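There are 2 protein chains.
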Amino acid sequence: MTIEVDYRFPAGVDAQKQAKIIAVGQTAGTWNARFTDREATLKSHLGEVISVENDEVTGQSIATIRFPEKNVENDISSLVTMIFGKYSMAGAAKVVAVRLPKEYGLQPQFGITGIREKLGVFDRPLIMAIFKPALGLSAQDHGGIFKEVAFAGLDIIKDDEILGDLDVAPTLERLKACRPIIDAVKQKTGRTVLYAVNVTGSADKLLDKARLLVREGANALLVNVLSYGFSVLQALAADAEINVPIFTHPAFAGAMCAAPNYGMAYSVVLGTLMAYGGADAVLYPAHYGSLPFDKLEEARIRDILRDRNVFPVPSAGIHPGIVPKAVSDYGQDVILNAGTGIMDHPDGPASGVKAFFAALERFNKGESFDLENLPDGVLRKAVEKWGNGN
Amino acid sequence: MTIEVDYRFPAGVDAQKQAKIIAVGQTAGTWNARFTDREATLKSHLGEVISVENDEVTGQSIATIRFPEKNVENDISSLVTMIFGKYSMAGAAKVVAVRLPKEYGLQPQFGITGIREKLGVFDRPLIMAIFKPALGLSAQDHGGIFKEVAFAGLDIIKDDEILGDLDVAPTLERLKACRPIIDAVKQKTGRTVLYAVNVTGSADKLLDKARLLVREGANALLVNVLSYGFSVLQALAADAEINVPIFTHPAFAGAMCAAPNYGMAYSVVLGTLMAYGGADAVLYPAHYGSLPFDKLEEARIRDILRDRNVFPVPSAGIHPGIVPKAVSDYGQDVILNAGTGIMDHPDGPASGVKAFFAALERFNKGESFDLENLPDGVLRKAVEKWGNGN
Chain A
1 MTIEVDYRFP AGVDAQKQAK IIAVGQTAGT WNARFTDREA TLKSHLGEVI
51 SVENDEVTGQ SIATIRFPEK NVENDISSLV TMIFGKYSMA GAAKVVAVRL
101 PKEYGLQPQF GITGIREKLG VFDRPLIMAI FKPALGLSAQ DHGGIFKEVA
151 FAGLDIIKDD EILGDLDVAP TLERLKACRP IIDAVKQKTG RTVLYAVNVT
201 GSADKLLDKA RLLVREGANA LLVNVLSYGF SVLQALAADA EINVPIFTHP
251 AFAGAMCAAP NYGMAYSVVL GTLMAYGGAD AVLYPAHYGS LPFDKLEEAR
301 IRDILRDRNV FPVPSAGIHP GIVPKAVSDY GQDVILNAGT GIMDHPDGPA
351 SGVKAFFAAL ERFNKGESFD LENLPDGVLR KAVEKWGNGN
Chain B
1 MTIEVDYRFP AGVDAQKQAK IIAVGQTAGT WNARFTDREA TLKSHLGEVI
51 SVENDEVTGQ SIATIRFPEK NVENDISSLV TMIFGKYSMA GAAKVVAVRL
101 PKEYGLQPQF GITGIREKLG VFDRPLIMAI FKPALGLSAQ DHGGIFKEVA
151 FAGLDIIKDD EILGDLDVAP TLERLKACRP IIDAVKQKTG RTVLYAVNVT
201 GSADKLLDKA RLLVREGANA LLVNVLSYGF SVLQALAADA EINVPIFTHP
251 AFAGAMCAAP NYGMAYSVVL GTLMAYGGAD AVLYPAHYGS LPFDKLEEAR
301 IRDILRDRNV FPVPSAGIHP GIVPKAVSDY GQDVILNAGT GIMDHPDGPA
351 SGVKAFFAAL ERFNKGESFD LENLPDGVLR KAVEKWGNGN
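Line by line, the protein sequences give chains A and B.
All letters in the first sequence, in the order written, are residues 1 to 390 by UniProt numbering.
All letters in the second sequence, in the order written, are residues 1 to 390 by UniProt numbering.
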């Protein structure tokens, strides 16, 4: 099996020449007569230019390079080094697709099916919240908020990605404030609520902390993969003690994906690399949210993730009024993740959660989300505040 | 103490507005009346817009934001999440400077002074080579090359960043092939030669492997920090068992630094973040090398690194003929790192090393590097092949 990568070059770049530079320079490199006896082996490590196609309208070119799988360690970090390590510094070029053998890297330990089994919810989108304000609440405050939303029917909550292991609300204390509520909800309603705890620190301490959190009852984890490293995601995902779903956050993704002609496409980093890196659920911006995001790129991420049973979690600016759009785009296998869209509901976070479920119900009945048709209640108040996505 | 970050916005962006979004959105976020009792704490976590300056010629603006140090964990990963996590996805903006308190993060364990002490070389630039071809040689081949260059007077050698722990030349076997030569050089000449072994794998295995390599005699390590994660660099640098200098490679830096209006400046990623992340020596492209690199940005990296006693290692396209330029730019505290510029010398790698020393000697005497003045010998052959940088 081989690895195929599409590189896009802007108009004016000699893509044929660049493709050869990549195929050689990112693999064995060149050699001279001193290595004639190693020639066959050296050649077997070279990349190969499969095609170079020029778009006559835009002037852009796409070069496809095939890399030998034996050049890398079946992980994301060595893959990234090979396909775009030194070459990322060579000029304008963007990695727009990476195709990997199915058995490459890691499969999600839980993914869509595993998370649904944990929750016992099989037939609707999952509703997820983010603790807000992001930073500055105490662990007890987190417990208080969690109680409101968990009993209101929420499926999953996560820390804000900004909130590390800080004095104001240490990670283990946040868990300890929330874990009894997970148990109480289970006991009273039979429902499971996941709390994806943000796990941080230097790689060794982060792994130790993740194991400790799981021992202390964490039933999900959140990782800022692009700030901490794909090698950390892999270690977490492959660790026998860390047997809970891993939610990955896209923090810092824009630094490597947002530029038109540099870096990697969002669908590569938040789609392919996360899906083969061991994530169970991947957060990324929704195109109708508060961050600028391309609809087509969002659809690519969705499809790449689902192809590997990874849960897509469109995020940022999500509120009850966008449910019709989101469900039209995603169907049932999606996690709708809202921060202020739940926490800042005029009647409080519990009403924010209920407004999402009211929205799902209304959408399923085919009823309008226009204000003039919405009856009084939590959904109407949400739409009054945040609109209906139109 | 506080953290200050400069964000640059292209013409047409309302920098004042964006600065406020960053100061709030990347810290506590907003809150409503429910949290009045937490108001003082929440406020204390907010960022603060220090200044917004517009360049009338270019139309660009630079906003400076001050962040509370208590929002982060005294490391690079949480810092990156805070200053450019979600906001990296918000539109065109580039982080062009990060100013940290001196005690932030890690100091280099060895740095310039420690590496010089290990080598016993205090008064000249250090000469470093890269094993080439990058990938496809056996461990024995590595040993053979190492013997040639080590006895020729080389100070440091490193694996190519592409070369992970692969079947063709497993990491530990490479070390075992080279370590006896380190000992032989020491015994015969009294000199120390460092071999920076590329350490790879998932975070847990990478750390274990680094410890094993050090136990087996590795006297330096190479890390692709941007592929593996800053949290991994920190773990390596802080590990008591890993008491050898850490060389960091810039692989993948272009993905987050090369775009004019997105990501972070090279001087932030390869300067500030490496220097405060625990690196002892940092590789980055030289502006007169084979990669496009800005002279001013290179000078910034050099100064940021040296300010923290971290060794600057300008790389990529380095050969003996650029010694006059490099020493004029850097003086003595620099590691000149050459791949093919040593390995592909017409008379072989040993002559490549000798050509560098001949170049240093000639430069110190103030003699010309023009071909018509160069006497026969290894330096002349190098300049014939690669030029003299003019």
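A virtual CB, placed ideally from N, CA and C, is assigned to each residue, including glycine.
No experiment lies behind these values; they were computed from the predicted model shown.
Quick one: measure Cβ to Cβ for residue i and residue j, integer angstroms, because I've assumed they're closer than 8 Å.
i, j, result
"residue 81/A", "residue 251/B", "5 Å"
"residue 386/A", "residue 319/A", "4 Å"
"residue 136/A", "residue 41/B", "5 Å"
"residue 153/A", "residue 353/A", "6 Å"
"residue 115/A", "residue 281/A", "6 Å"
"residue 162/A", "residue 134/A", "5 Å"
"residue 9/B", "residue 88/B", "Residue 9/B to residue 88/B, Cβ: 13 Å. No contact."
"residue 76/B", "residue 236/B", "13 Å between Cβ atoms; not a contact."
"residue 324/A", "residue 369/A", "6 Å"
"residue 145/A", "residue 349/A", "6 Å"
"residue 128/B", "residue 155/B", "6 Å"
"residue 327/B", "residue 125/B", "6 Å"
Give the DSSP-derived three-state secondary structure of residue i in the structure shown.
i, result
"residue 191/B", "coil"
"residue 318/A", "coil"
"residue 324/A", "helix"
"residue 376/A", "coil"
"residue 364/A", "helix"
"residue 2/A", "strand"
"residue 24/A", "helix"
"residue 158/A", "strand"
"residue 113/A", "helix"
"residue 71/A", "helix"
"residue 369/A", "coil"
"residue 47/A", "coil"
"residue 197/B", "strand"
"residue 132/B", "coil"
"residue 384/A", "helix"
"residue 63/A", "strand"
Ordered along the chain, which non-local residues of its own chain (more than five positions away) have a Cβ less than 6 Å from that of residue i?
i, result
"residue 130/A", "158, 160, 339"
"residue 284/A", "250, 270, 301"
"residue 99/A", "4"
"residue 83/A", "5"
"residue 96/A", "6, 8, 265"
"residue 54/B", "61"
Apart from the five residues just before and just after residue i, which ones in its own chain have a Cβ nearer than 8 Å to its Cβ?
i, result
"residue 238/A", "106, 278"
"residue 138/A", "168, 169"
Once you ignore the five residues that flank residue i on each side, which residues in its own chain have a CB closer than 7 Å to its CB?
i, result
"residue 2/B", "66, 67, 68, 69"
"residue 253/B", "226, 266, 269, 270"
"residue 257/A", "263, 264, 265, 266, 269"
"residue 46/B", "23, 24, 27, 28"
"residue 185/A", "150, 151, 191, 193"
Within 10 angstroms of the Cβ of residue i, are there 16 or more other Cβ atoms? Answer buried if so, exposed if not.
i, result
"residue 356/B", "buried"
"residue 312/A", "buried"
"residue 175/A", "buried"
"residue 296/B", "exposed"
"residue 388/A", "buried"
"residue 71/B", "buried"
"residue 149/A", "buried"
"residue 364/A", "exposed"
"residue 383/A", "buried"
"residue 337/B", "buried"
"residue 229/B", "buried"
"residue 58/B", "exposed"
"residue 298/B", "buried"
"residue 371/A", "exposed"
"residue 11/A", "exposed"
"residue 293/A", "buried"
"residue 351/B", "buried"
"residue 108/B", "buried"
With a threshold of 7 Å, establish whether the CB of residue i neighbours any heavy atom of the ligand SAM.
i, result
"residue 292/A", "Absence of the ligand SAM is noted for the structure shown, with no ligands found whatsoever."
Sufficient close CB pairs (3 or more, under 8 Å) joining the stretch 240–256 of chain B to the stretch 211–230 of chain B:
yes
Is the number of C-beta pairs between the stretch 367–383 of chain A and the stretch 1–15 of chain B that are closer than 8 Å three or more?
no
Tell me, please, whether the stretch 214–223 of chain A touches the stretch 187–201 of chain A by the rule of three or more beta-carbon pairs shorter than 8 Å.
yes
Would you call the stretch 169–183 of chain A and the stretch 203–212 of chain B in contact, with 3 or more CB pairs under 8 Å?
no
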